[in-house]
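When we follow the working numbering, the leftmost residue of the sequence shown carries the number 1, and every step to the right adds one.
So the structure is just underneath, and the comments pick up after that.
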Amino acid sequence: MADETTSRAAGHARRLVVLAGPTAVGKGTVAARVRAEHPEIWISVSATTRAPRPGEVDGVHYHFVSAEEFDRLVDDGQMLEWAVVHGSNRYGTPRGPVEEHLAAGVPALLEIDLQGARQVREAMPEALFVFLKPPSWDELVSRLVGRGTEDEAERERRLATARVELAAEDEFDVTIVNADVGHACDELVALIENPPDSVRASSTTSL
Ligand code: 5GP
């Protein structure tokens, strides 16, 4: 009986899934695929102090806020986690919407950086932590260059971060290799819908 209660409670908490991984591995693309194909899964909209890129919509891709507004959200305890990413802008997960969706039994996905994932693990250790990794280092470099959204100095900064981030795989419950965005999306959705019982016991890959 106690076991049943425990596993039900854990199952509920595991409806929160945290997707992290090195820069340019394709976390955003995989999350966008989930958003497009699985409206039953809610994806958190982060707040950020960075400026919108062309095509990005406030409230859809991010909540674009000023540094002062970000400070206020942090000071008011409204951030579940937040971090300075790539040494410049701040990004964070508003706490309220996450708690509301979990309370309503809606599976929730956070696509955040490694520092943020570590903070969520402190706050909500029952969540499922999924590491997305590239098929190879060369592939990661070519994705970052091919994306063309950063200048060379920024690219170098992000690659340095990515090297450190790749080493964090062991901290996660499950690894998905992002060799193909459709497969990675399917694997992620399967984990969200059917979270494994034991942490750090399972590992799935696309290869
Ligand atoms: P970009 O500027 O390319 O949209 O995102 C840069 C990085 O910020 C990505 O690695 C992304 O995962 C991370 N990020 C986006 N939202 C959040 C968030 O709410 N919290 C944290 N810690 N990182 C985030």
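Even glycine gets a Cβ: it sits at the ideal position worked out from N, Cα and C.
Because the structure is a prediction, the values reported are computed rather than measured.
Taking DSSP as the reference, what is the three-state secondary structure of residue i?
i, result
"residue 97", "helix"
"residue 116", "helix"
"residue 190", "helix"
"residue 18", "strand"
"residue 23", "coil"
"residue 53", "coil"
"residue 63", "strand"
"residue 58", "strand"
"residue 149", "coil"
"residue 32", "helix"
"residue 106", "coil"
"residue 182", "helix"
"residue 136", "coil"
"residue 122", "helix"
"residue 40", "coil"
"residue 76", "coil"
"residue 197", "coil"
Could you give the C-beta distance for residue i and residue j, rounded to a whole number, given that I count them as a contact under 8 Å?
i, j, result
"residue 109", "residue 166", "Not quite, the Cβ-Cβ distance comes to about 22 Å (not below 8 Å), so this is no contact."
"residue 162", "residue 140", "6 Å"
"residue 128", "residue 34", "Going by Cβ atoms, the distance from residue 128 to residue 34 rounds to 14 Å, so no, they are not a contact pair."
"residue 157", "residue 144", "That belief does not hold up - the Cβ atoms of residue 157 and residue 144 are roughly 11 Å apart, past 8 Å."
"residue 69", "residue 62", "Not quite, the Cβ-Cβ distance comes to about 12 Å (not below 8 Å), so this is no contact."
"residue 86", "residue 42", "About 26 Å separates the two Cβ atoms, so there is no contact after all."
"residue 64", "residue 58", "5 Å"
"residue 37", "residue 185", "7 Å"
"residue 15", "residue 107", "5 Å"
What is the residue span of the alpha helix (DSSP H) that residue i lies within?
i, result
"residue 45", "Segment: none, residue 45 is in no alpha helix (DSSP H) and carries neither H nor E."
"residue 162", "152-166"
From the DSSP output, read off the bridge partner residues of residue i.
i, result
"residue 129", "18"
"residue 82", "92"
"residue 111", "19"
"residue 174", "130"
Would you verify that the beta carbon of residue i is, or is not, closer than 8 Å to some beta carbon of chain D?
i, result
"residue 117", "In summary, chain D is missing from the structure at hand, where a single protein chain is found."
Q. Does the count of Cβ pairs from the segment 80-94 and the segment 41-54 closer than 8 Å reach three?
A. yes
Mind the definition here: the segment 167-179 touches the segment 122-137 only if three or more C-beta pairs lie below 8 Å; say whether that holds. yes
Could you tell me whether the segment 94-110 touches the segment 74-81, using the rule of 3 or more Cβ pairs below 8 Å?
yes
Query raised in the report: Hey, is the segment 102-117 in contact with the segment 21-32, meaning 3+ C-beta pairs nearer than 8 Å?
Result: yes
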